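Right, one structure below, let's go through it.
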Amino acid sequence: MSHPAQQLPSIDRLTRGAEGRRLVELFGRTRVTAALKASIADARERLFEDEELTLSESTLLDSAERALSGQAKTLRSVLNLTGTVLHTNLGRAVLPKQALQAVLQVASGPSNLEFDLETGRRGDRDLELERLLQEITGAEAATVVNNNAAAVMLALNTLAHNRQVPVSRGELVEIGGSFRVPEIMAQSGCSLVEVGATNRTRLSDFEAAINEETALLMKVHTSNYQIQGFTESVTEKALSNLAHQYHLPFMTDLGSGTLVNLTRYNLPYEPTVQDALRSGADVVTFSGDKLLGGPQAGLIVGTRAAIDAIKKNPMKRALRVDKMTLAALTAVLKLYLTPEALIKDLPTLKDLSRPAVEIQKFGEALLPAAAAVMSDRFQADLVPTKSQIGSGALPIDVLPSWALAIKSSAELNADQDIVDFASKLRLGEPAIIGRIQDSQLLFDLRTLYDPAALLSALETVS
Ligand SMILES: *Cc1c(COP(=O)(O)O)cnc(C)c1O
Numbered sequence: 202m203s204h205p206a207q208q209l210p211s212i213d214r215l216t217r218g219a220e221g222r223r224l225v226e227l228f229g230r231t232r233v234t235a236a237l238k239a240s241i242a243d244a245r246e247r248l249f250e251d252e253e254l255t256l257s258e259s260t261l262l263d264s265a266e267r268a269l270s271g272q273a274k275t276l277r278s279v280l281n282l283t284g285t286v287l288h289t290n291l292g293r294a295v296l297p298k299q300a301l302q303a304v305l306q307v308a309s310g311p312s313n314l315e316f317d318l319e320t321g322r323r324g325d326r327d328l329e330l331e332r333l334l335q336e337i338t339g340a341e342a343a344t345v346v347n348n349n350a351a352a353v354m355l356a357l358n359t360l361a362h363n364r365q366v367p368v369s370r371g372e373l374v375e376i377g378g379s380f381r382v383p384e385i386m387a388q389s390g391c392s393l394v395e396v397g398a399t400n401r402t403r404l405s406d407f408e409a410a411i412n413e414e415t416a417l418l419m420k421v422h423t424s425n426y427q428i429q430g431f432t433e434s435v436t437e438k439a440l441s442n443l444a445h446q447y448h449l450p451f452m453t454d455l456g457s458g459t460l461v462n463l464t465r466y467n468l469p470y471e472p473t474v475q476d477a478l479r480s481g482a483d484v485v486t487f488s489g490d491k492l493l494g495g496p497q498a499g500l501i502v503g504t505r506a507a508i509d510a511i512k513k514n515p516m517k518r519a520l521r522v523d524k525m526t527l528a529a530l531t532a533v534l535k536l537y538l539t540p541e542a543l544i545k546d547l548p549t550l551k552d553l554s555r556p557a558v559e560i561q562k563f564g565e566a567l568l569p570a571a572a573a574v575m576s577d578r579f580q581a582d583l584v585p586t587k588s589q590i591g592s593g594a595l596p597i598d599v600l601p602s603w604a605l606a607i608k609s610s611a612e613l614n615a616d617q618d619i620v621d622f623a624s625k626l627r628l629g630e631p632a633i634i635g636r637i638q639d640s641q642l643l644f645d646l647r648t649l650y651d652p653a654a655l656l657s658a659l660e661t662v663s
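Okay, here's the thing in structure tokens:
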């Protein structure tokens with residue numbers, strides 16, 4: 202017997218069947234041949250890894266059709282039931298409808314992006330955004346770039362090029378693999394001076410590091426981890442006082458940052474931009490699509506002198522945001538002018554502050570419907586779980602929630618059944634993404650309000 206990888210059907214054979222002929226009709230022979238070639242090659246590779254795999258002709262044709270119809274590509278709709286509300290791989294914050302309307306308006310025709318309607322002259326694209334950030338945070342000035350990584354880089358490049366920046370060894374963070382403080386420093390053209398120890402840094406460590414080469418003092422919010430036990434770090438207030446004593450600016454990278462005190466929504470405390478400014482920060486950087494709940498962007502607020510210098514840096518042009526981002530961000534910031542309406546209007550805060558009892562009630566209504574649509578190969582249950590805020594924010598504090606838990610009724614290969622089930626749901630439209638834990642597929646219901654798509658997928662796939 203030859204290896205199963207050698208028994209795969211030929212392209213010719215696949216395109217002669219009814220299903221193959223339908224694909225040729227729809228997409229043309231050239232594209233179908235190329236797509237089938239790719240799916241056969243992929244199948245061959247998978248069979249060499251696992252001989253037991255059963256790959257039928259229809260599996261090959263299906264995967265070719267997915268590739269041809271663009272379904273296998275990125276940017277398909279996903280139902281995020283992972284329990285991580287701000288999921289970086291799933292696009293972080295979901296925009297409020299006010300932001301969508303604003304994007305539609307500026308995208309569908311010309312706008313006064315950089316045009317002053319009163320004078321008829323060239324205007325500043327950041328003006329409205331700056332006015333809103335001044336009102337919300339009390340900052341003297343503000344600007345915006347492509348993301349927070351860009352904000353940190355631009356601020357450092359402007360204020361500390363060819364000079365030294367002391368940072369605590371406990372704050373040399375890596376965010377999502379590509380943002381590492383030491384590397385961002387190097388790329389910005391400044392030299393990092395590590396101070397203190399991983400678990401303990403004192404004000405005196407910073408003071409000892411200051412010399413005539415020092416450009417500014419910097420604090421980085423340790424978004425995605427916590428150092429526990431025998432620890433000590435320097436507060437923003439103490440660092441900014443020290444910086445100012447030496448006539449240096451003080452910069453803080455809040456990472457997520459937030460414009461409202463989250464404890465008012467029963468969420469764990471996260472440093473606010475206002476707190477950072479009150480502590481005396483001259484430059485504060487934070488993301489647009491983390492807790493703020495807006496589009497991908499990096500916001501910079503601070504003193505007029507610092508922001509003016511940042512805006513004059515030629516790199517600002519390379520890192521600037523486009524009109525659609527600007528429109529969405531401005532619309533989101535306007536919502537912060539009425540904080541009482543925020544949890545109703547802003548999807549991120551609505552999800553994060555959704556009470557566990559409400560999620561439980563929703564789950565109790567969903568459970569019988571889910572059980573009814575599924576075949577008896579699977580069983581559904583409602584179980585308590587914990588959601589996470591995500592995007593590096595507050596990984597330690599988890600939010601109590603409820604999940605629809607699905608397990609296989611089979612006595613053999615139950616784990617494989619659940620893995621296959623999860624994979625089929627991922628390939629559906631919309632793609633439905635949960636997480637597998639203890640042989641069960643969990644769908645955290647915190648981010649689900651309309652169960653129709655989930656129920657229909659469970660019916661199809663089970
Ligand atoms: C997330 C984060 C960044 C990067 O922000 P992006 O908007 O993803 O570029 C930088 N610094 C800290 C502390 C962060 O948490």
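Each residue of the sequence shown is one higher than the one before, counting from 202 in the numbering used here.
Ideal Cβ positions, reconstructed from N, Cα and C, are used throughout, including at glycine.
The model shown is predicted, which means the values in this text are computed figures rather than measured ones.
Assign E437 to buried or exposed, taking buried as 16 or more other Cβ atoms, counted over all protein chains shown, within 10 Å of its Cβ.
buried
Would you identify the three-state DSSP class for E336, choosing helix, strand or coil?
helix
On a CA-only basis, which of M575, Y650, S609 and G292 is nearest I637? Give me that one, please.
S609
So L224 and L269 are in contact, right, with Cβ under 8 Å, and what is the actual spacing, rounded?
7 Å
Flag this pair as yes or no: are the beta carbons of A352 and I501 separated by less than 8 Å?
yes
Quick one: which unbroken alpha helix (DSSP H) runs of 4-plus residues sit fully inside the region 503-544? Chain order, please.
505-513, 515-520 and 524-536
From the DSSP output, read off the bridge partner residues of L280.
I633
How about N358: is its Cβ closer than 7 Å to a heavy atom in ligand 3?
In terms of ligand content, the structure shown lacks ligand 3 and carries ligand 1 instead.
Beta carbon of D263: closer than 7 Å to some heavy atom of ligand 1?
no
Tell me whether D454, by its Cβ, gets closer than 7 Å to a heavy atom of ligand 1.
yes
Can you tell me where the beta strand (DSSP E) holding I428 begins and where it ends?
No beta strand (DSSP E) contains I428, which DSSP labels as neither H nor E.
Distance between D251 and L643 (C-alpha atoms, nearest Å)
27 Å
In whole angstroms, give me the CA-to-CA distance for A604 and Q207.
44 Å
Enumerate in chain order the residues of its own chain whose CB-to-CB distance from F228 is below 7 Å, with the five nearest sequence positions on each side excluded.
L269
Return helix, strand or coil for G371, following the three-state DSSP convention.
helix
Classify T255: buried if its beta carbon has 16 or more other beta carbons within 10 angstroms, exposed otherwise.
exposed
Can you tell me whether A519 is buried or exposed, with buried defined as 16 or more other CB within 10 angstroms of its CB?
exposed
Exposed or buried, which one is V558 when buried takes at least 16 other CB atoms within 10 Å?
exposed
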